[in-house]
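Residue numbers (our numbering): 556 to 1281. Every residue, glycine too, gets a C-beta built ideally from N, C-alpha and C.
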């Protein structure tokens, strides 16, 4: 059997120049089997390569035939010693059909031997050294002259040539330079692409043949089987076969040289015995070994598709190097290809351990049905770290919401102080859940919380008020906002004490605006806080004795004369005015203010009558003049108004009388509404003049409104008869 030699071993018998970078053109193997026994006892001096067999001439004059694998082939050459030479065989030639062999030697003989027939065997002796022999049965294999011819120079001695393609040659060369120890270097096998007057080396392999250090250029030869692109490098003690590498050979070389991408492309284009997925798996291993984790993950996405089994197999490679984070973005998550939940959980655990932010992103991105949410929640609690509290709390909030535990989710958001809690409440309509979380929600964002809490359809007002009873400031905020939206709500009475504590400026407007509170309770609150304006208002609402008490507070507590006067004006009570006048009569400095304020409400004479003789009252004269001027002005206004009113009265009365005196047309078809008879009576088919005596005979009743009007006017004529009435 032929022994296959490794293509990439540096100490192998075939080394490729720049082996790590250049893909080889050939693969090599050394012929062995029966051939090795001949080489152990003899040396090859010449050879002939045929499509059917190989023939070698030796230094001892023998001619041996083998098959292409180095096994001996029985023929006339091996059956008889008659056609051997006495000394080394110089040349061998075989006819095209492979039936005859011609050999020559320095013994002067030329032997022509039929391999399977002895009819045309010849042994010719020329008496001198014969170096070359050739068989030509057809007198016509004259050498034709070629019209196109290329000439190029090589850097080595040429030991043999063989065609490879229309523009390429296989050349066996012997290096001109010696080694460092002055011995021959390895021969080379080149593929040269020739042009008109130049050439290009496509590849060059340096060959390690047995005993190459001692050989010369004449010791090598090259034979080829063109139909199979197989070439035989023949040396005295070694024979190596070079074959063009096939697709599987190229794939093998590319894999061994870690050129996985090129190998997969080659398989995709030309097929082969190696599945592309097998190469892809090796490629993933290679990338992971190089720590190119992201590239390995992208390759998985490209090659594994929706194959669940392959994905789960490859994912565990990332587990070993703790790089599930790199493949997480590429894992299939669709219903068409959903991996085992344990796979996704392993990815989440790794992120939880090494990248909490990435963990949170996966919780947001991945569908929750891919993994066991409760298991992940437990893992977070077991690995909770304060310096990542925000991300872990948000992750818990999301996971709890996925599990339907919305109360726990809301609590996580509230701990996190994340305003997404309000979006969660609206999305899932968690209005029943938030009844115990009202205070934390307000603490997080009052406006957003009240937007929900003020909607009675979402949460009852009673529940909110009950939760806020022990948080008075929050209750004040809530009820104050509720009052704007629902002015008639039943809880507004609580605002009296709340306004008294948190915003007194709103208390008095509220007392004036609202009627749905207990005045006595409000009065108690205001008296506790000594809110005198509010007390005055409430007492004023109660009237009677309470109004007098209110006036007393204004005078003695608030000490505001204008306010006292306005209070008396508002209630317009004589007792209050008397109390006010009596209170301030002993205070000359404010008498003028009272005089100025009571005009139109109370008789100034009473105030003036209270002034004591000789009492010095500042600005009294101006106040009296102002008061008298005011009364005079009022008198003129009243007089003018009466004149205008009287004039309008007579003018309107005159218009009414004129209107009532005016005649009205009555048709003979008009009926009396009382007796239902015609108003006008006709004589001889024509209307007739109406006098006073005939008037009452117009209809049966004489009570028609029109007739009553006419009657009144006729009576005013003083006995004269009405004429020209129709």
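Below 7 Å CB to CB, which residues in the same chain sit around residue 904 once its five sequence neighbours on both sides are set aside? 934
Tell me, please, which residues DSSP counts as bridged to residue 713. 728
Would you say residue 870 and residue 819 are within 9 Å of each other, going by their C-beta atoms? no
Please classify residue 1249: does DSSP put it in a helix, a strand, or coil? In this prediction, residue 1249 has a pLDDT of 41, which is less than 50 and means its spatial position is unreliable; what the coordinates show is noted afterwards. If DSSP states are grouped into helix, strand and coil, residue 1249 belongs with coil.
Residues bridged to residue 581 [DSSP beta-bridge criterion]: 799
When DSSP labels each residue in this structure, what does residue 868 get in the three-state scheme? helix
Buried or exposed: which applies to residue 1087, given that a residue is buried once 16 or more other Cβ atoms fall within 10 Å of its Cβ? buried
Where residue 657 falls: helix, strand or coil (DSSP): strand
When you compare the CB positions of residue 779 and residue 789, do they come within less than 9 Å of one another, or not? no
For residue 981, which option in 898, 1006, 710 has the closest C-alpha, if you only look at C-alpha atoms? 1006
Taking the alpha carbon of residue 1225 as the point to measure from, which residue in 1235, 1219, 1217, 1218 has its own alpha carbon closest? 1235
Backbone CA spacing between residue 1050 and residue 1091 [nearest angstrom]: 19 Å
Secondary structure at residue 834, three-state DSSP: helix, strand or coil? helix
If you reduce the DSSP assignment to three classes, tell me which class residue 733 lands in. strand
Candidates 1058, 607, 1081, 1210, of which the one nearest residue 652 by Cα: 607
Coarse secondary structure for residue 1298, derived from DSSP in three states: Shown here, the chain extends from 556 to 1281; a query on residue 1298 therefore has no answer.
Beta-carbon contacts of residue 1117 that lie in its chain and below 7 Å, excluding the five residues immediately before and after: none
How about residue 586 and residue 796: are their beta carbons less than 9 Å apart? yes
Write down the C-beta distance between residue 954 and residue 989 rounded to the nearest angstrom, noting that I regard them as a contact closer than 8 Å. Incorrect: roughly 19 Å between the Cβ atoms, too far for contact.
For the candidate residues 1094, 840, 736, whose alpha-carbon lies nearest to that of residue 1286? Limits of the chain in this structure are 556 at one end and 1281 at the other, which puts residue 1286 out of reach.
State the DSSP-derived secondary structure class of residue 777, mapped to helix, strand or coil. strand
With residue 986 and residue 1014 assumed to form a contact (beta carbons below 8 Å), what rounded beta-carbon distance in angstroms separates them? 5 Å
Through-space distance from residue 865 to residue 898, alpha-carbon basis: 13 Å
Which two residues bound the contiguous beta strand (DSSP E) that contains residue 1039? Per DSSP, residue 1039 belongs to no beta strand (DSSP E); it is in the alpha helix (DSSP H), 1027-1040.
Alpha-carbon to alpha-carbon, residue 748 and residue 802: 22 Å
Terminal residues of the alpha helix (DSSP H) in which residue 1107 lies: 1100-1108
Note the first and the last residue of the continuous beta strand (DSSP E) segment covering residue 666. 664-669
Measuring CA to CA, which of 923, 893, 950, 920 is closest to residue 911? 950
Own chain residues within Cβ distance below 8 Å of residue 1046, not counting five before or after: 1016, 1020, 1034, 1037
Between the C-alpha atoms of residue 1120 and residue 1114, what's the straight-line distance to the nearest angstrom? 12 Å
Using CA atoms only, rank isn't needed, just tell me which of 915, 928, 1209 is closest to residue 945. 915
Should residue 1252 go down as buried or exposed, given a rule of 16 or more other Cβ atoms within 10 Å for buried? Residue confidence for residue 1252 is low, a pLDDT of 43 falling below 50, so the modelled location carries little weight and cannot support an answer.
Is the region 703-714 in contact with the region 673-688, if contact means three or more CB pairs nearer than 8 Å? no
Where does residue 769 sit, in a helix, a strand or coil, going by DSSP? helix
Element boundaries [beta strand (DSSP E), containing residue 897]: Segment 896-909 is the alpha helix (DSSP H) holding residue 897; no beta strand (DSSP E) there.
Answer with buried or exposed for residue 720, where buried requires no fewer than 16 other C-beta atoms within 10 angstroms of its C-beta. exposed
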